[in-house]
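Heads up: the protein sequence lines correspond to chains A and B, in order. Position 486 (the first sequence) corresponds to 911 in this note's numbering; numbering is contiguous. Position 266 (the second sequence) corresponds to 691 in this note's numbering; numbering is contiguous.
Number of protein chains: 2
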Amino acid sequence: MRYSELLDGKSGYKDFLAACEHARSVSLLGAVDGLLQWDEQTMLPSDGGDFRAEQVAALAAITHAQRTEEKQGERLQKLKDSPLEKEGPGAVQATIRLLHSDFQKQSRVPGKLVQELARTSIKAQQAWVRAVKASEWKPMVTHLEKMFSLKRELAACQSPDLDPYDALLDDYEPGARWKAIDTTFSCLRKALAPLVRGCIESSGGPQETVLRGNFPLQSQQAFVCQVIEKIGFSFDRGRLDTTAHPFCSTLGPNDCRLTTRWDEKFLPTALYSVLHEAGHGLYEQGLPVDWFGLPPGEAASLGIHESQSRLWENLVGRSPEFWEWCHPIARKAFPESFDNVSPGMLAKAVRSVNPSFIRVEADEVTYNLHVMMRFDLEREIIHGNLLVADLPSAWNERFETDFGSRPSRIEDGVLQDIHWPAGLIGYFPTYTLGNIFSAQIMAAAQQSGVGIADQIRNGEFTPLLHWLRENVHSFGRTYTSEALVEKASGKPVSEQYLVDSLYQRYGPLHGLSPDMPKLL
Amino acid sequence: MRYSELLDGKSGYKDFLAACEHARSVSLLGAVDGLLQWDEQTMLPSDGGDFRAEQVAALAAITHAQRTEEKQGERLQKLKDSPLEKEGPGAVQATIRLLHSDFQKQSRVPGKLVQELARTSIKAQQAWVRAVKASEWKPMVTHLEKMFSLKRELAACQSPDLDPYDALLDDYEPGARWKAIDTTFSCLRKALAPLVRGCIESSGGPQETVLRGNFPLQSQQAFVCQVIEKIGFSFDRGRLDTTAHPFCSTLGPNDCRLTTRWDEKFLPTALYSVLHEAGHGLYEQGLPVDWFGLPPGEAASLGIHESQSRLWENLVGRSPEFWEWCHPIARKAFPESFDNVSPGMLAKAVRSVNPSFIRVEADEVTYNLHVMMRFDLEREIIHGNLLVADLPSAWNERFETDFGSRPSRIEDGVLQDIHWPAGLIGYFPTYTLGNIFSAQIMAAAQQSGVGIADQIRNGEFTPLLHWLRENVHSFGRTYTSEALVEKASGKPVSEQYLVDSLYQRYGPLHGLSPDMPKLL
Numbered sequence: 426m427r428y429s430e431l432l433d434g435k436s437g438y439k440d441f442l443a444a445c446e447h448a449r450s451v452s453l454l455g456a457v458d459g460l461l462q463w464d465e466q467t468m469l470p471s472d473g474g475d476f477r478a479e480q481v482a483a484l485a486a487i488t489h490a491q492r493t494e495e496k497q498g499e500r501l502q503k504l505k506d507s508p509l510e511k512e513g514p515g516a517v518q519a520t521i522r523l524l525h526s527d528f529q530k531q532s533r534v535p536g537k538l539v540q541e542l543a544r545t546s547i548k549a550q551q552a553w554v555r556a557v558k559a560s561e562w563k564p565m566v567t568h569l570e571k572m573f574s575l576k577r578e579l580a581a582c583q584s585p586d587l588d589p590y591d592a593l594l595d596d597y598e599p600g601a602r603w604k605a606i607d608t609t610f611s612c613l614r615k616a617l618a619p620l621v622r623g624c625i626e627s628s629g630g631p632q633e634t635v636l637r638g639n640f641p642l643q644s645q646q647a648f649v650c651q652v653i654e655k656i657g658f659s660f661d662r663g664r665l666d667t668t669a670h671p672f673c674s675t676l677g678p679n680d681c682r683l684t685t686r687w688d689e690k691f692l693p694t695a696l697y698s699v700l701h702e703a704g705h706g707l708y709e710q711g712l713p714v715d716w717f718g719l720p721p722g723e724a725a726s727l728g729i730h731e732s733q734s735r736l737w738e739n740l741v742g743r744s745p746e747f748w749e750w751c752h753p754i755a756r757k758a759f760p761e762s763f764d765n766v767s768p769g770m771l772a773k774a775v776r777s778v779n780p781s782f783i784r785v786e787a788d789e790v791t792y793n794l795h796v797m798m799r800f801d802l803e804r805e806i807i808h809g810n811l812l813v814a815d816l817p818s819a820w821n822e823r824f825e826t827d828f829g830s831r832p833s834r835i836e837d838g839v840l841q842d843i844h845w846p847a848g849l850i851g852y853f854p855t856y857t858l859g860n861i862f863s864a865q866i867m868a869a870a871q872q873s874g875v876g877i878a879d880q881i882r883n884g885e886f887t888p889l890l891h892w893l894r895e896n897v898h899s900f901g902r903t904y905t906s907e908a909l910v911e912k913a914s915g916k917p918v919s920e921q922y923l924v925d926s927l928y929q930r931y932g933p934l935h936g937l938s939p940d941m942p943k944l945l
Numbered sequence: 426m427r428y429s430e431l432l433d434g435k436s437g438y439k440d441f442l443a444a445c446e447h448a449r450s451v452s453l454l455g456a457v458d459g460l461l462q463w464d465e466q467t468m469l470p471s472d473g474g475d476f477r478a479e480q481v482a483a484l485a486a487i488t489h490a491q492r493t494e495e496k497q498g499e500r501l502q503k504l505k506d507s508p509l510e511k512e513g514p515g516a517v518q519a520t521i522r523l524l525h526s527d528f529q530k531q532s533r534v535p536g537k538l539v540q541e542l543a544r545t546s547i548k549a550q551q552a553w554v555r556a557v558k559a560s561e562w563k564p565m566v567t568h569l570e571k572m573f574s575l576k577r578e579l580a581a582c583q584s585p586d587l588d589p590y591d592a593l594l595d596d597y598e599p600g601a602r603w604k605a606i607d608t609t610f611s612c613l614r615k616a617l618a619p620l621v622r623g624c625i626e627s628s629g630g631p632q633e634t635v636l637r638g639n640f641p642l643q644s645q646q647a648f649v650c651q652v653i654e655k656i657g658f659s660f661d662r663g664r665l666d667t668t669a670h671p672f673c674s675t676l677g678p679n680d681c682r683l684t685t686r687w688d689e690k691f692l693p694t695a696l697y698s699v700l701h702e703a704g705h706g707l708y709e710q711g712l713p714v715d716w717f718g719l720p721p722g723e724a725a726s727l728g729i730h731e732s733q734s735r736l737w738e739n740l741v742g743r744s745p746e747f748w749e750w751c752h753p754i755a756r757k758a759f760p761e762s763f764d765n766v767s768p769g770m771l772a773k774a775v776r777s778v779n780p781s782f783i784r785v786e787a788d789e790v791t792y793n794l795h796v797m798m799r800f801d802l803e804r805e806i807i808h809g810n811l812l813v814a815d816l817p818s819a820w821n822e823r824f825e826t827d828f829g830s831r832p833s834r835i836e837d838g839v840l841q842d843i844h845w846p847a848g849l850i851g852y853f854p855t856y857t858l859g860n861i862f863s864a865q866i867m868a869a870a871q872q873s874g875v876g877i878a879d880q881i882r883n884g885e886f887t888p889l890l891h892w893l894r895e896n897v898h899s900f901g902r903t904y905t906s907e908a909l910v911e912k913a914s915g916k917p918v919s920e921q922y923l924v925d926s927l928y929q930r931y932g933p934l935h936g937l938s939p940d941m942p943k944l945l
């Protein structure tokens, strides 16, 4: 533990150590749960699901009981009133404050509910896999009704004074409130409308054609591993596997696991999902190892997490500089497909705009519309204004409003995401918050005088990563996401950075003036 | 639960259900530990070891506390004196008897010791991996001294009335005693001596040459999966991965995981280790699913487990009939290497006898000498007659006595097995017990009139598997290993079946008369 010299002998220091020790021992079990879930998605034999659901539920109950042990509550209460909480180093103060508030919140939730949520989540996810395969909505209704109802119950237990959607949101974006997000999203939506329309209607925009070809699995694996190792992901502390839906999961201070899917005919599927997940991974690998299991060693929020993944995926990975560096590597890996393709052609092709039914396949310009729609729909359900049974029609209507068409297959519509079956309600808005944060953070990094574009062109990613480590990663959860972005950029959080970034990077490419009116 | 109709309303039935429920919930956690360990060997990033050791230790403590809960002890005590234990169906009686004796034994072990053993085991295994790489014995001494000392402590706690080696042996081969094993092994050793000498000295024996060639990894993977699926291993309930040391691990009633290593120049490395592990897997997949987590759903012993793996590896997989069936499949998979090789050549080559420093690479004839040596050495340490520090010299001396040479590299000698660092002391003799059981069980199956050889020739493995399911697998742990073998074969356990089997299958092949004197 850091600070031992500084604090040894100070009043409350022993309680502080004991409270940290307790939180760390809980995090050991939390990471076991992480492994059970990672394994469920990557390795588990098809018939192993029921038993795994029971395991996850049993462990959730044990972890919850340990997490909410009375002794820890007493210790934290004492610390909350101790001089350490007022005069200790920042990380110590934040640790006490956050452990205390987490404890309060979690103690209000009955163990039975935690266990039931865990079991329902696994079972609903397994049902979802079957429903997608069968292209059927009906079998999901009961699972989702149960899940939304349990989450409402959770909201009422853990934060009885909050709006129920805010109570859920708080698990992913601490301190965020839906009304403020709604205002931000409305502004963003209006500001982006001309760009969306312009890009879609433009006939001279770039096409994906050059990204299609033959990309054998093994060559792709070697290629993406080389790329993410180069940007700084450590394979001594992580790995990459295959799943239907890409994710990043941290199973220990030195165990960060990424997953992706592959398409042997279309390189961006794997490349950009791996760059995205590696962005998450770089954040996780950049959190202070000494503080693992404690707030200073934890991610600030999902929004901040997403800011890191989107930064590497889009702001780095879709830049002309990136392709100047990556072009020879890609050409060597896929000589057959990239023989006559220039860096510029690749850099343009990866910024083509093609509205898609599927969120994870959406381009940067239309992506946020997908998120806003989910944010509105899930909130309506939690607020009791929409029934789960009516989700498909609500989904299709809203999709038509935003995109001018309706998905004909349910798996291209309301069934496409695992979030709701998994119980991740209040999670979606963090994707767009992440985009907003990423643009503001990247703008600050660029203005820091580090000369990022030139470095990327030369395959030097360390300075950017170092800047992110210093200004974002190293603080863990000691600041809220908004405070952290403000600290890193020196400016209050604003969606304007994202608007500017998208107009600059997509406008001229699609024949639009970069100066077209952006705010209505 | 079976028997519900039969037992409902009977005195003690509610306690029985509650006791089973408790044992099952413990088994959920036991299987989580299994996953942590499986993952440690197959997937864990190189820097993730320390944290994993802490996780395993924390979970071991929690599992032990839950396993030895007072309430369960009281329930089992009541059941022990209830009519159910005397008059219930066999599986119910066995469940009560075994849950009770397991509970007694485990309750005598302090949680701290369980945790310390778990932590030491993971740390020593990690040290072992490094020691093997560095070819150094020294760094292992402290780890092994600690492990042997902890195991002595464990023996004294869990079975204070037993000889300490027997107390450890009992964890792997319930009810077995080292003196009886020693007698059996001495007889076996004497009986096999002429065969060992004859095979080694014979110049006309088969050679492995035809098994060397090019066996590309992907073709091997497809080939071995096809073979074990054909003999009955279900991939809906299991999987196969890559590790340095092959093993089989059961992580749930429908989740049995095999591992192997691969050699692209020598087919038997993977083929026979996969057949071996699949033999374990067929046993696990054949245990009654309804009873998972309870004695009737558990393996009888490691000796019985090994009897199943050796049966499929050797008695099936090295038979001429097997190669008559497998030859066209192998030829199709490896046309380059097997173009001019007949079924008979392959069947002979896989029974060549070549004394090896390495146990897991040993042929069937010399294999048991490796086991006996380890059995003697580990017992000497537990009995205080040999120091860990003196193990290498004791090992080399004994090896020279048995094989006429000494390994020059420590990793080919005392460092070759993971068992001692892992704390698996008392485990080794079960390998030779398994060989003994396998020969007796196979002889019984052959005499059952099912016509096994002809069926194998036609690729029909179901009848043999069915016979094993019915006569071995379905009983779980309700009989001791000796009682089970006697029940399946109708004869008391004897090493003579193994002696006969080896003489018949190896004698003539090496120019020896099958009638040469076998017992001295």
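All residues carry an ideal CB built from backbone N, CA and C; glycine is no exception. For clarity, every value in this text was computed on a predicted model and none was experimentally measured.
To the nearest angstrom, report how far apart residue i and residue j are at their CA atoms.
{"i": "Ser-463/B", "j": "Ser-674/B", "result": "Looking at the sequence provided, one finds Trp at residue 463/B rather than Ser. Approximately 7 Å between the Cα atoms of the pair."}
{"i": "Arg-522/A", "j": "Lys-530/A", "result": "12 Å"}
{"i": "Gln-872/A", "j": "Ala-755/A", "result": "30 Å"}
Residue i: buried (16+ other C-beta within 10 angstroms of its C-beta) or exposed?
{"i": "His-808/B", "result": "exposed"}
{"i": "Lys-576/B", "result": "buried"}
{"i": "Leu-945/B", "result": "Any reading at Leu-945/B needs caution, since the residue's pLDDT is 42, under 50, leaving its predicted position unreliable; the model's value is listed next. That one is exposed."}
{"i": "Asn-860/A", "result": "buried"}
{"i": "Gln-841/A", "result": "buried"}
{"i": "Glu-723/B", "result": "buried"}
{"i": "Leu-909/A", "result": "buried"}
{"i": "Ser-436/A", "result": "exposed"}
{"i": "Glu-738/A", "result": "buried"}
{"i": "Pro-832/B", "result": "buried"}
{"i": "Ala-647/A", "result": "exposed"}
{"i": "Ile-656/A", "result": "buried"}
{"i": "Arg-555/A", "result": "exposed"}
Kindly say whether residue i, judged by its beta-carbon, lies nearer than 8 Å to any beta-carbon of chain A.
{"i": "Ser-574/B", "result": "no"}
{"i": "Ser-450/B", "result": "yes"}
{"i": "Ile-487/B", "result": "yes"}
{"i": "Leu-453/B", "result": "yes"}
{"i": "Glu-479/B", "result": "yes"}
Compare the C-beta of residue i against all C-beta atoms of chain B and say whether one is closer than 8 Å.
{"i": "Val-457/A", "result": "yes"}
{"i": "Leu-707/A", "result": "no"}
{"i": "Ser-471/A", "result": "yes"}
{"i": "Phe-476/A", "result": "yes"}
{"i": "Trp-661/A", "result": "The residue you asked about is not Trp; residue 661/A is Asp in the sequence shown. It does; some Cβ of chain B falls within 8 Å."}
What span of residues does the beta strand (DSSP E) with residue i cover, start to end?
{"i": "Asp-412/A", "result": "The first residue shown for chain A is 426 and the last is 945, placing residue 412/A beyond what the model contains."}
Which first and last residues belong to the alpha helix (DSSP H) in which residue i is found?
{"i": "Arg-894/B", "result": "887-896"}
{"i": "Gly-498/B", "result": "495-505"}
{"i": "Thr-667/B", "result": "Element bounds for Thr-667/B: not the alpha helix (DSSP H) but the beta strand (DSSP E), 663-667."}
{"i": "Arg-577/B", "result": "563-583"}
Chain A contacts from the region 673-701 of chain B (Cβ-Cβ distance under 7 Å): Gly-677, Pro-678, Asn-679 and Asp-680
Contacting positions in the region 513-541 of chain A - beta carbon closer than 8 Å to chain B: none
For the region 602-620 of chain A, enumerate the residues whose C-beta is nearer than 7 Å to any C-beta of chain B, in chain order. none
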